[in-house]
Each structure stands twice: as structure tokens, then as C-alpha cells.
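Following: one structure in C-alpha cells, then a few remarks.
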Amino acid sequence: MSVTFPPAKAPQAVDQPSPSAPPFWQTKTLEELSSTEWEQLCDGCGRCCLSKLEDIDTGAIAFTCVGCTLLDPETARCSDYPNRFAKVPDCLAITAEMARNSAWLPPTCAYSRVARGEGLDWWHPLVSGTPDTVIAARISVAGRVISEDHVDPADLEDHIENWPDEDPEVPASEYYQAASSA
Numbered sequence: 281m282s283v284t285f286p287p288a289k290a291p292q293a294v295d296q297p298s299p300s301a302p303p304f305w306q307t308k309t310l311e312e313l314s315s316t317e318w319e320q321l322c323d324g325c326g327r328c329c330l331s332k333l334e335d336i337d338t339g340a341i342a343f344t345c346v347g348c349t350l351l352d353p354e355t356a357r358c359s360d361y362p363n364r365f366a367k368v369p370d371c372l373a374i375t376a377e378m379a380r381n382s383a384w385l386p387p388t389c390a391y392s393r394v395a396r397g398e399g400l401d402w403w404h405p406l407v408s409g410t411p412d413t414v415i416a417a418r419i420s421v422a423g424r425v426i427s428e429d430h431v432d433p434a435d436l437e438d439h440i441e442n443w444p445d446e447d448p449e450v451p452a453s454e455y456y457q458a459a460s461s462a
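Position one of the sequence shown corresponds to residue 281 (our numbering), numbered consecutively onward.
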């Protein structure tokens, strides 16, 4: 199988006191993060913006490939992030408590990983320096979802997907090898 990766981009600025200091996500609890750090911790995968179904008997959560009306299906970004709560009344702000206790956040979610005491994976933009790795590792839903505007809510079961995957489909070494030879 041949895999084509987007070109690697220059690392993004990260809120850190000095190059020798450990990254903020390793030294702070979720409650201690500044609003800038909180936003940086999000990997931008878009999975929290997908419709989910809960089995009434077991409580199991099923993810779908159906995104919120504001989720851009091609980029997995909110098309009106500053006004999302006003435009989508059931849009939820992720909190530290939610990151610890919510089954509807994917296991790959950086907030959940930090809450569980895990580090960030190689594909996270704060580790890789580029948001391209979230797409290359197929953690992002970019290009793999449809808008809820095109789906009858009664048909959501027809759109259940087998994600979130805990392990990315593309190993870090393969991504970086392809990026360095581009």
C-alpha cells in the first residue's frame, strides 16, 4: 500500500517557559491549564463533534461518521468556533471532569489522555510540530465524515463507524520518512 503524506510544516509556537522545561501537559493538571494551553491541547481531530449513539441496555457508545452542522467535513474544523454554543445549543464545552469521566470522548483525545496520566502520542501537533500528523495518522475525521444536515436522525444507526482507533494506522517512522524525502 502506498501512502502519500502532506509536507511537514514548521513547528507551531507552544506556550512553554523555556526549551529545557518540560511541556505544560506533563507538569500541569487539566484544571491548571491556561485558556491558551487548553486550546493547544486539542489535537483538532473532530471526533468530539460527531454524533454518537448509546446502547440503552449496555451504555456502550457507538461513534458515527456524522458531524455537527458546523463541522467542516473536509477539514474537521468548526466553521464558527467562536459562536458554536449559540448556533448549536447541544454543543458541549469539554471540561476536565468530562475528560475524566465521559465515554463519548475518544480514547485518543488529548484531554482524556492527560487526565489518565498518559503522554501525547507522536501524531499530536504539540509533539510533531504540525497538524498534518493528525491527518496522516488517520486520527482526524477530515475527509471521512458527512454533515448532520444530510442525514435523517432516524438513520444514524446506518452511519456507525468502527472508530476511534487507539492506534494510528500510520507509524511515526513511516510519516517522518515520507516527509523527509518530499
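We treat Cβ as the ideally placed atom computed from N, Cα and C, and that holds for glycine. Keep in mind it's a predicted model, so treat the numbers as computed, not measured.
Per DSSP, cross-strand counterpart(s) of residue i
i	result
Leu333	Ala342
Cys358	Leu351
Residue i (DSSP reduced to helix, strand or coil)
i	result
Cys348	coil
Ser427	strand
Ile415	helix
Contact under 7 Å by Cβ, residue i with residue j
i	j	result
His404	Asp323	yes
Leu350	Arg364	yes
Val368	Cys348	yes
Leu305	Val394	Going by the sequence as given, residue 305 is Trp instead of Leu. Cβ distance < 7 Å, so Trp305 and Val394 count as in contact.
Ala379	Leu313	no
Leu406	Ser331	no
Tyr391	Ile374	yes
Gly326	Val421	yes
Glu354	Gly423	yes
Residue i - containing alpha helix (DSSP H), residue span
i	result
Ser315	Ser315 to Leu321
Val368	Run containing Val368: none; DSSP gives neither H nor E here.
Arg380	Ala376 to Asn381
Arg393	Ala390 to Ala395
Leu400	Counting along the chain, Leu400 falls outside any alpha helix (DSSP H), and DSSP gives it neither H nor E.
Pro387	Careful: Pro387 lies outside any alpha helix (DSSP H) and carries neither H nor E.
Ser408	Pro405 to Ser408
Trp305	Phe304 to Thr307
Residue i Cβ short of 6 Å to the ligand GDP heavy atom set
i	result
Lys308	Among the components modelled here there is no ligand, and therefore nothing to report on the ligand GDP.
Close Cβ partners of residue i (< 7 Å) along its chain, the five nearest in sequence each way excluded
i	result
Ala383	Ile341
Pro411	Gly324 and Pro405
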